[in-house]
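Here's the structure we're looking at; comments come further down.
Number of protein chains: 2
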Amino acid sequence: MELGPPGGSGPAEPGPRLRGLRGADAAASASSLSRFGAEAGCRASAVAAVLPAGGSGERMGVPTPKQFCPILERPLISYTLQALERVSWIKDIIVAVTRENMETMKGIIQRYQHKRISLVEAGVTRHRSIFNGLKALAEDQPNCRLSKPEVVIIHDAVRPFVEEDVLLKVVTAAQEHGASGAIRPLVSTVISPSADSCLDHSLERARYRASEMPQAFLFDVIYDAYQQCSDYDLEFGTECLHLALKYSHIKAKLVEGSPDLWKVTYKRDLYAAESIIKERISQKVCVVMDTKEDEEHVGHCLEEMLKTELNHVKVTSGQDLQQIILEQCYNFVCVNVMTSDFEETQRLLNMVEESNLSILYPVVVISVHFLDYESVPLGQKMEKVMQIREFAKEAKKRNILLSGLLIYFPQIFFSLL
Amino acid sequence: MELGPPGGSGPAEPGPRLRGLRGADAAASASSLSRFGAEAGCRASAVAAVLPAGGSGERMGVPTPKQFCPILERPLISYTLQALERVSWIKDIIVAVTRENMETMKGIIQRYQHKRISLVEAGVTRHRSIFNGLKALAEDQPNCRLSKPEVVIIHDAVRPFVEEDVLLKVVTAAQEHGASGAIRPLVSTVISPSADSCLDHSLERARYRASEMPQAFLFDVIYDAYQQCSDYDLEFGTECLHLALKYSHIKAKLVEGSPDLWKVTYKRDLYAAESIIKERISQKVCVVMDTKEDEEHVGHCLEEMLKTELNHVKVTSGQDLQQIILEQCYNFVCVNVMTSDFEETQRLLNMVEESNLSILYPVVVISVHFLDYESVPLGQKMEKVMQIREFAKEAKKRNILLSGLLIYFPQIFFSLL
Numbered sequence: 001m002e003l004g005p006p007g008g009s010g011p012a013e014p015g016p017r018l019r020g021l022r023g024a025d026a027a028a029s030a031s032s033l034s035r036f037g038a039e040a041g042c043r044a045s046a047v048a049a050v051l052p053a054g055g056s057g058e059r060m061g062v063p064t065p066k067q068f069c070p071i072l073e074r075p076l077i078s079y080t081l082q083a084l085e086r087v088s089w090i091k092d093i094i095v096a097v098t099r100e101n102m103e104t105m106k107g108i109i110q111r112y113q114h115k116r117i118s119l120v121e122a123g124v125t126r127h128r129s130i131f132n133g134l135k136a137l138a139e140d141q142p143n144c145r146l147s148k149p150e151v152v153i154i155h156d157a158v159r160p161f162v163e164e165d166v167l168l169k170v171v172t173a174a175q176e177h178g179a180s181g182a183i184r185p186l187v188s189t190v191i192s193p194s195a196d197s198c199l200d201h202s203l204e205r206a207r208y209r210a211s212e213m214p215q216a217f218l219f220d221v222i223y224d225a226y227q228q229c230s231d232y233d234l235e236f237g238t239e240c241l242h243l244a245l246k247y248s249h250i251k252a253k254l255v256e257g258s259p260d261l262w263k264v265t266y267k268r269d270l271y272a273a274e275s276i277i278k279e280r281i282s283q284k285v286c287v288v289m290d291t292k293e294d295e296e297h298v299g300h301c302l303e304e305m306l307k308t309e310l311n312h313v314k315v316t317s318g319q320d321l322q323q324i325i326l327e328q329c330y331n332f333v334c335v336n337v338m339t340s341d342f343e344e345t346q347r348l349l350n351m352v353e354e355s356n357l358s359i360l361y362p363v364v365v366i367s368v369h370f371l372d373y374e375s376v377p378l379g380q381k382m383e384k385v386m387q388i389r390e391f392a393k394e395a396k397k398r399n400i401l402l403s404g405l406l407i408y409f410p411q412i413f414f415s416l417l
Numbered sequence: 001m002e003l004g005p006p007g008g009s010g011p012a013e014p015g016p017r018l019r020g021l022r023g024a025d026a027a028a029s030a031s032s033l034s035r036f037g038a039e040a041g042c043r044a045s046a047v048a049a050v051l052p053a054g055g056s057g058e059r060m061g062v063p064t065p066k067q068f069c070p071i072l073e074r075p076l077i078s079y080t081l082q083a084l085e086r087v088s089w090i091k092d093i094i095v096a097v098t099r100e101n102m103e104t105m106k107g108i109i110q111r112y113q114h115k116r117i118s119l120v121e122a123g124v125t126r127h128r129s130i131f132n133g134l135k136a137l138a139e140d141q142p143n144c145r146l147s148k149p150e151v152v153i154i155h156d157a158v159r160p161f162v163e164e165d166v167l168l169k170v171v172t173a174a175q176e177h178g179a180s181g182a183i184r185p186l187v188s189t190v191i192s193p194s195a196d197s198c199l200d201h202s203l204e205r206a207r208y209r210a211s212e213m214p215q216a217f218l219f220d221v222i223y224d225a226y227q228q229c230s231d232y233d234l235e236f237g238t239e240c241l242h243l244a245l246k247y248s249h250i251k252a253k254l255v256e257g258s259p260d261l262w263k264v265t266y267k268r269d270l271y272a273a274e275s276i277i278k279e280r281i282s283q284k285v286c287v288v289m290d291t292k293e294d295e296e297h298v299g300h301c302l303e304e305m306l307k308t309e310l311n312h313v314k315v316t317s318g319q320d321l322q323q324i325i326l327e328q329c330y331n332f333v334c335v336n337v338m339t340s341d342f343e344e345t346q347r348l349l350n351m352v353e354e355s356n357l358s359i360l361y362p363v364v365v366i367s368v369h370f371l372d373y374e375s376v377p378l379g380q381k382m383e384k385v386m387q388i389r390e391f392a393k394e395a396k397k398r399n400i401l402l403s404g405l406l407i408y409f410p411q412i413f414f415s416l417l
C-alpha cells in the first residue's frame, strides 16, 4: 500500500510526480531542515552521506521500525550514526525520517550527542527518501543550507557495523568510476519462480552477487539519475546502482565488502547485533588498585586470571585512568584493599561521568571490598558496605552499572550486593 | 581445491566419475553404515531425510566446521537432528559426515541420545555428500540396509529451526509434483558483475526468490537425477531443485518458508541461534513451594511478578512435577519456607535427572531459603545453607545449573551463593 504525504495539498507539478517534497511542500520541508553542527566551508572533495531511515520494519515482526529498535537500550540507528561520525572526512550526514518519527530522531541525536546530522522528511519509498536527502544537498533547491558534496555515500540506517575501510573504498572508486557499491557472495541460490509457483530456472550462484551498502556516487551522477527517473522506479525500485546505470549510464565499480555489512532485517539480526556489540565492549577491562603495592601483587594475579578470558586487561593504581577512559574502556574493577570506604570507587565514577563515556554504552564498575570473617562483626560492617546500593541506584541513572563484591575471608564467601 | 577420497585405490568405473563411494570403496562404505535404532518395515509412503554435513565452515571464520560449533555447549547439528526427530513420520535420517568427523558425530548421537540416525561418509562436495546419502537408501546398492523411501527430504545440518509444518508442506508437494523446496524473499538485490568487477545488470528483486531448505523429492526423481548428472554438476553445483529440473524434467513446487529457515553461515548467526534458543527455553518457569499453603500465598505473589516477564509461569507444591518436567520446562524456583534443608530441592534434582531433560539443554534450578536476620546467628546458619555449593558442583556435571538464593530478613538482603 502506498501513502501520500501528510497534508499533501500542494499544486500539481510538471515532470516526474515526486511525492516526498513537492511544490509548496518542498520549500516548507527544506526550510524545516534541522541541522546539528555541520561544519561549513568544506566544498572541495567534500563527502556527505545520506541515510534513508523511513522504513516500517515489517519483516522484523515488531511494531517499532527496525532502525529504532533498541540494542542494549540504545536505538539501532544511533550505532550506525556513530559508525559514520567516526569518519572525520564525512562532512554531513543526512537522515531521512518520516514526519511521525522526526521528534524521536531529534531526541536520539540529542541524547547520544550525534554531530554533523541533518534531518529531512522521508518519502513513502526508499528511493523517494534518498531523493529527499540528495535534494537537501543540491544547490538548485530553495533554502538549501548544506553545501553540495563531490561524492555522496548512501548507506542504510540498519547496517551499524560499517567500517571506515569500506567507506573509503567506495568513495575512492566513485571518484574514479562515478559510482560504486559493496557486494557480498550469495548465501542461497537464487531462483526464478513461474506464475504457478513452480521453479522456472535457478541462477548459477557463482555468477551473481548480493548488492549491499554502502554505495557511493559522484553527486551529480546520482542526483541527475534521480531527477530523470520514472515514477515506477521511485515506487518499486530499491537499487541506486541500477538508477546510475539506467539514467546516467555509469557502470558502478563493485567492491567486496566484509560480512559485517549485513543488514538488520529480522529479529534474529537484532540478537546477533547485540551479541556482537557486547563482545566488542566486554573484551577490555581495567583493574584499579587503591595502592601501588597492591598493583604489583593482587593486581598482577587478577591480571593473569582475567587474561585467560579477555583480550585487553590493564592494571593501574589510578594515575593514567583519564587516558584509559579516553581509549573507550567500558569495564572497571576497583579493588579496595586499604579501606572499606568508597573513595576510590567514587573518584572513578566521577571520571567516567565527566568523560561522557556512558552516553553510548553502559559502563560496568565492580567495587571490591574485603571483610575479615573472624575479627569484624558482620552486621555492622556489612551495613556500611551496603551503602554501595545507594551509589548504584544513582549511577544507574547515568548508565553506569555499579556492583559491589564483598570478599569475606578467611572462609572465602562471595556476596554480590 | 578438491580432495580425493582417503585411500582411493578402487578400480576405474564406467559412467560418471563418482568420488564419494566408488568401486570397492562403495561396498566398504555402505557396509560401514552405522545405524542407531532405525525402525524397520515402513516401506509404504515412507519418508527419509538426508543431511549433508561434510562442510568445512570457511565462512564462519572459526576452525570448527559450523555444524559442530557449540550453541549453549551443544553442537549445532544436534539441534537440527532434534528438530527432525520430533517428526514421527520421518523414518530414517541419513547424515553425511567426513571420515575425520565420523567419531565426533557418533559421540554426538550417543551423548544427546538421537534416534533413527544412519551415518554415511561425506563426499568432497555438497552434491556428492547428498548422493552418498541417497545411495544408502537405494535398493540397487550392495549391502544397503535401509529401505527405500517414497519421498526423501534434503535438509541442511545448519538450519536448526525447521518446523514440522514446512516439512509436511514440502513432502506433500513432492508427492504431487515430484519435487518441492522452501523459498524466501530476497533480502538484498542480486546483481551480475562484469569481468572487470563492474555492474553488468541488476535483477528485479521482486521476480526472484532465495532457494532455502528443506526440499523434498520423490526418491526415484532425485536419485535418477544424481545418477545421470555430470561431474561438473557434482563438483560445482549446490542446488538439488536444479538437478531435478535438468535431468528428471521436474519443475519443483515452491513453498514459502518462514524466516526461521535461515542457514547458520556466519559467526553472527551462531549468536542469533543462541539467543533464539535461550529465549525459547527461558520463557517457561515452574515455582515449587514446600507447602500447599505457601503455594496459595507466597507462590501467588511470585507468579504475578514473574508473569510480567515470562510467558509461562506454573506454581505447584509438587504433586504434578513429573508432568511439568515431561512438558519440557527448563527453569525451576524451589521455595523452602518451612525448613532450611534441601529435601525439596534434592527431590526436584532427582526427578530432573531421571527425566533426561538436561541432556538437551541446561536446566536451571534456584533453591530459595529464608534466614531471620535478628534471631539466627548468621555464621552457623549460613554454613548449613552453603552446603548447596557442593550440590551445585555435582549437579553441574549433569547439566543442571543450581543456585541458592538466601533471603535474609527483616533487612532484605539477597545473597547469591
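As you go down the protein sequences, you meet chains S and F in turn. In terms of UniProt numbering, the first sequence is residues 1 to 417. In terms of UniProt numbering, the second sequence is residues 1 to 417. Cβ coordinates follow ideal geometry from the N, Cα and C atoms, glycine included.
In chain F, which residues lie less than 7 Å from residue i when you measure between Cβ atoms?
i: T64(S); result: Correct list: empty, because the minimum Cβ distance to chain F is about 17 Å.
i: S358(S); result: Here the premise fails: no neighbours, minimum Cβ distance about 24 Å.
Nearest-angstrom Cα distance between residue i and residue j?
i: C334(F); j: K284(F); result: 14 Å
i: T104(S); j: E85(S); result: 19 Å
i: S78(F); j: P160(F); result: 8 Å
i: E212(S); j: T80(F); result: 30 Å
i: I109(F); j: I93(F); result: 12 Å
i: S31(S); j: S118(S); result: Interpretation of S31(S) is limited by its pLDDT of 34, a score under 50 that renders its predicted location unreliable; no figure is taken from the coordinates.
i: Q113(S); j: V120(S); result: 18 Å
i: L21(S); j: E100(S); result: Because the pLDDT at L21(S) is just 32, under 50, the model does not fix this residue reliably, and the value given afterwards should be weighed accordingly. Near 16 Å, if we compare the C-alpha coordinates of E100(S) and L21(S).
i: A48(S); j: H201(S); result: 41 Å
i: S34(S); j: W89(S); result: Reliability fails at S34(S), whose pLDDT of 34 lies under 50, so the model's placement of it is uncertain and no value is given.
i: D269(F); j: L402(F); result: 29 Å
i: D25(S); j: N132(S); result: Caution applies to D25(S), whose pLDDT of 38 falls short of 50 and renders its modelled position unreliable; the value that the coordinates give is listed next. The straight-line gap from Cα to Cα measures roughly 12 Å.
i: L406(S); j: R389(S); result: 13 Å
i: A136(S); j: V264(S); result: 27 Å
i: V363(F); j: A392(F); result: 12 Å
Starting from residue i, trace the alpha helix (DSSP H) in both directions and tell me its first and last residue.
i: H127(F); result: 126–137
i: D165(F); result: 164–177
i: L302(S); result: 298–307
i: Q227(F); result: 219–228
Give the residues of chain S in contact with residue i, contact being defined as C-beta atoms less than 7 Å apart.
i: R205(F); result: T238
Would you mind telling me which residues of chain F sit closer than 8 Å to residue i, beta carbon to beta carbon, in chain order?
i: S118(S); result: Under the 8 Å cutoff, chain F gives no residues; its nearest Cβ is about 27 Å from S118(S).
i: I400(S); result: Near I400(S) there are no residues of chain F at all, since even the closest Cβ is about 21 Å away, more than 8 Å.
i: I277(S); result: Going along chain F, no residue has its Cβ under 8 Å from I277(S), so there is no contact; the nearest lies around 10 Å.
Whose Cβ in chain S lies nearer than 9 Å to the Cβ of residue i?
i: A210(F); result: L186, V187, S188, T189, V190, I191
i: Y79(F); result: Per Cβ cutoff of 9 Å: no residues; Y79(F) is ~14 Å from chain S at best.
For the beta strand (DSSP E) that contains residue i, what are its first and last residues?
i: E327(F); result: Taken as a continuous stretch (DSSP letters only), E327(F) belongs to no beta strand (DSSP E), as it is neither H nor E.
i: C334(F); result: 331–336
i: T104(F); result: Here T104(F) belongs to no beta strand (DSSP E); instead the alpha helix (DSSP H) covers 102–111.
At 8 Å on the CB atoms, spell out the chain S contacts of residue i, in chain order.
i: A272(F); result: R268, D269, Y271, A272, S275
i: S202(F); result: S211, E239, L241, H242, L245
#### Entry: Contact list for the stretch 180–200 of chain F against chain S, Cβ threshold 8 Å
G181, I183, R184, L186, V187, S188, T189, V190, I191, S192, P193, S194, S197, C198, L199, D200
### Task
Below 9 Å between beta carbons is the criterion; list the residues of the stretch 238–256 of chain S that meet it against any residue of chain F, in chain order.
T238, E239, L241, H242, A244, L245, I250, K251, A252, K253, L254, V255, E256
### Message
For the structure I just gave you, are there three or more beta carbon pairs, one from the stretch 306–316 of chain F and one from the stretch 285–297 of chain F, closer than 8 Å?
### Response
yes
### Task
Take every Cβ of the stretch 187–206 of chain S, pair it with every Cβ of the stretch 242–262 of chain F, and state whether three or more of those distances are shorter than 8 Å.
yes
### Query
Touch check for the stretch 69–78 of chain F and the stretch 164–172 of chain F: three-plus C-beta pairs under 8 Å?
no
### Query
Taking Cβ-Cβ distances below 8 Å as the criterion, which residues of the stretch 298–325 of chain F are in contact with chain S?
none
### Task
Could you tell me whether the stretch 182–190 of chain S touches the stretch 222–235 of chain S, where touching means 3 or more Cβ pairs closer than 8 Å?
no
#### Entry: Stretch-stretch touch, CB-based, cutoff 8 Å, three pairs: the stretch 352–361 of chain F with the stretch 298–306 of chain F
no
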